[in-house]
Amino acid sequence: MANEGGSIAAAQSRTGRKAPARPSRLVFPFSAIVGQDEMKLALLISAVDPSVGGVLVFGDRGTGKSTTVRALAALLPPMQAVAGCPFACDPAKPGDLCEACRTAARRVAISVPVPVVDLPLGATEDRVTGALDIERALAEGVKAFEPGLLARAHRGFLYIDEVNLLEDHIVDLLLDVAASGENVVEREGISVRHPARFVLIGSGNPEEGELRPQLTDRFGLAVEVRTPRDLPTRIEVVRRRDLFDRDPKRFTAAWAKEEAATRTRILAARRLLPKVSVPDAALEAAARLCLALGTDGLRGELTLMRTARALAALEGDREVTVAHLRRVAAPALRHRLRRDPLDEAVAGTRVERALAEVLPP
2 MANEGGSIAA
12 AQSRTGRKAP
22 ARPSRLVFPF
32 SAIVGQDEMK
42 LALLISAVDP
52 SVGGVLVFGD
62 RGTGKSTTVR
72 ALAALLPPMQ
82 AVAGCPFACD
92 PAKPGDLCEA
102 CRTAARRVAI
112 SVPVPVVDLP
122 LGATEDRVTG
132 ALDIERALAE
142 GVKAFEPGLL
152 ARAHRGFLYI
162 DEVNLLEDHI
172 VDLLLDVAAS
182 GENVVEREGI
192 SVRHPARFVL
202 IGSGNPEEGE
212 LRPQLTDRFG
222 LAVEVRTPRD
232 LPTRIEVVRR
242 RDLFDRDPKR
252 FTAAWAKEEA
262 ATRTRILAAR
272 RLLPKVSVPD
282 AALEAAARLC
292 LALGTDGLRG
302 ELTLMRTARA
312 LAALEGDREV
322 TVAHLRRVAA
332 PALRHRLRRD
342 PLDEAVAGTR
352 VERALAEVLP
362 P
């Protein structure tokens with residue numbers, strides 16, 4: 002959907018208020034969002050396989066970028082976590098447990114919602130990584146760790162609006178955590194190490210500034226969101242938003258069947274993903290495409306392969322084909338292209354042109 006409250010969510014993010022793991026009020030249904038097919042597919046792929054690396058969304062203001070992210074998180078089924086753990090450790094993965102959970106005599110699993118955490122532009126490093134709990138230090142005289150935004154986002158989504166305006170020292174911090182999957186805090190006599198794996202979602206307006214190449218490369222997928230230009234889509238966007246605002250419960254109930262079907266599709270894709278094979282022909286096709294585009298390193302091929310595999314799982318296919326690669330080539334590669342002063346075409350056009358030459362339909 003192109004106008005369902007994204008600007009309001011962005012404004013709340015800039016105030017620095019903490020967003021709850023799941024909004025108490027009803028969230029606009031993911032299935033009812035109109036006109037953002039590329040973004041919706043990218044988010045679904047990230048939900049099926051978080052190792053794809055997150056989603057970078059650039060486009061116009063008020064196009065529902067943050068609303069779409071929250072809609073997906075609200076759609077996902079609850080996850081299992083260790084009761085009382087501030088990092089929501091997964092009891093089914095002993096290797097990823099924090100120190101407290103590893104040494105606990107007994108771990109009780111509970112169901113918790115998938116978190117969506119806003120990282121405001123003005124957030125301090127202490128708030129992002131965590132710091133000394135001042136209240137406990139003053140009241141009890143003990144040094145206790147107060148988890149930050151990275152701890153709250155573990156196993157969920159970390160959303161950064163206007164990511165291209167993020168301060169450099171926070172960008173460096175995120176790069177370190179994204180590379181290691183772990184947050185390390187050593188200050189004020191505290192030494193804490195905890196898992197911090199999340200789907201990083203960044204959005205912004207390219208007219209307000211560019212994103213540092215190091216951070217751009219960390220996003221698995223990059224999608225472009227534009228205000229719809231055709232009349233029927235704009236009318237449908239306004240109609241659905243108005244119906245939701247007037248009676249959220251009724252509108253949400255009307256889309257409950259579609260939401261359940263999407264949830265079932267995600268769960269089925271997660272189960273199928275380990276069984277999806279990537280034949281040599283598909284790997285060769287991915288490598289040929291990246292060579293034709295001149296992408297640096299091998300991250301382009303890896304992301305393209307993982308994205309195509311997740312797409313195949315979403316569609317119930319057990320083997321990646323060239324058709325899957327073609328569908329995800331633009332979001333997987335458009336942000337990895339070198340600037341060519343002799344070619345003024347936008348990145349998406351360059352990818353489509355290379356597809357036509359290297360992997361014709």
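Residue numbers (the numbering used here): 2 to 362. For every residue, glycine included, the Cβ atom is placed at its ideal position computed from N, Cα and C.
Quick check on DSSP: helix, strand or coil for residue i?
| i | result |
| --- | --- |
| Asn206 | coil |
| Leu274 | helix |
| Gly298 | coil |
| Pro95 | helix |
| Asp50 | coil |
| Glu187 | strand |
| Glu147 | strand |
| Gly157 | coil |
| Val115 | coil |
| Pro196 | strand |
| Ala180 | helix |
| Ile9 | For Ile9, the pLDDT reaches just 31, beneath the cut-off of 50, and the residue's location in the model is therefore unreliable, leaving the point undetermined. |
| Asp243 | helix |
| Gly55 | coil |
| Glu353 | helix |
| Ala333 | helix |
| Asp162 | strand |
Quick check: what's the CA-CA separation for residue i versus residue j?
| i | j | result |
| --- | --- | --- |
| Glu260 | Gly190 | 48 Å |
| Pro78 | Phe31 | 13 Å |
| Arg327 | Leu356 | 7 Å |
| Gly205 | Glu168 | 14 Å |
| Arg241 | Val35 | 9 Å |
| Gln81 | Ala89 | 8 Å |
| Arg23 | Gly221 | With a pLDDT of 42 at Arg23, under the threshold of 50, the predicted position of this residue should be treated as unreliable, though the coordinate-derived value follows. Those two C-alpha atoms are separated by around 25 Å. |
| Val83 | Glu100 | 12 Å |
| Ala288 | Leu122 | 37 Å |
| Ala152 | Ala74 | 17 Å |
| Arg266 | Ala43 | 15 Å |
| Leu133 | Ala283 | 50 Å |
| Gly301 | Val329 | 12 Å |
| Val277 | Glu320 | 5 Å |
| Ala254 | His336 | 38 Å |
| Trp256 | Arg271 | 23 Å |
| Val118 | Ser67 | 11 Å |
Give every residue of the same chain whose Cβ lies closer than 6 Å to the Cβ of residue i, excluding the five residues on either side of it in the sequence, and list them in chain order.
| i | result |
| --- | --- |
| Val193 | Phe146, Val186 |
| Pro51 | Val200 |
| Gly203 | Leu57, Ile161, Val164 |
| Val347 | none |
Between which residues of its own chain and residue i is the CB-CB distance below 7 Å, once the five residues before and five after are set aside?
| i | result |
| --- | --- |
| Leu76 | Phe31, Glu260, Thr263, Arg264 |
| Asp248 | none |
Under a Cβ-count criterion, where at least 16 other Cβ atoms within 10 Å of its own Cβ denotes burial, should residue i be classed as buried or exposed?
| i | result |
| --- | --- |
| Leu215 | Sequence inspection shows Gln at residue 215; the Leu mentioned does not correspond to that position. Classification of Gln215: exposed, given that the 10 Å Cβ count is below 16. |
| Leu150 | buried |
| Arg351 | buried |
| Pro275 | exposed |
| His170 | exposed |
| Ile236 | exposed |
| Val70 | buried |
| Pro362 | exposed |
| Lys258 | exposed |
| Ser47 | buried |
| Pro280 | exposed |
| Arg219 | buried |
| Ala154 | buried |
Measure how close the beta-carbons of residue i and residue j come, nearest whole angstrom, since I'm counting them as under 8 Å.
| i | j | result |
| --- | --- | --- |
| Thr304 | Val58 | With a Cβ gap of about 16 Å, Thr304 and Val58 do not count as contacting. |
| Asp91 | Arg26 | In fact, because the Cβ distance is near 28 Å, the residues do not count as touching under 8 Å. |
| Ala314 | Leu268 | That belief does not hold up - the Cβ atoms of Ala314 and Leu268 are roughly 11 Å apart, past 8 Å. |
Taking 7 Å as the cut-off, is the C-beta of residue i nearer than that to any heavy atom in the ligand SAM?
| i | result |
| --- | --- |
| Leu305 | The model on display carries no ligand, and the ligand SAM is accordingly not part of it. |
Give me, in chain order, the residues of the same chain whose beta-carbon lies closer than 8 Å to that of residue i; leave out the 5 immediate sequence neighbours on both sides.
| i | result |
| --- | --- |
| Arg103 | Pro95 |
| Glu209 | Glu163, Asn165, Leu166 |
| Gly182 | Pro196, Ala197, Arg198 |
If you measure from the beta carbon of residue i to each beta carbon in chain D, is any gap under 8 Å?
| i | result |
| --- | --- |
| Gly317 | Of the chains in the structure shown, none is chain D; there is only one protein chain. |
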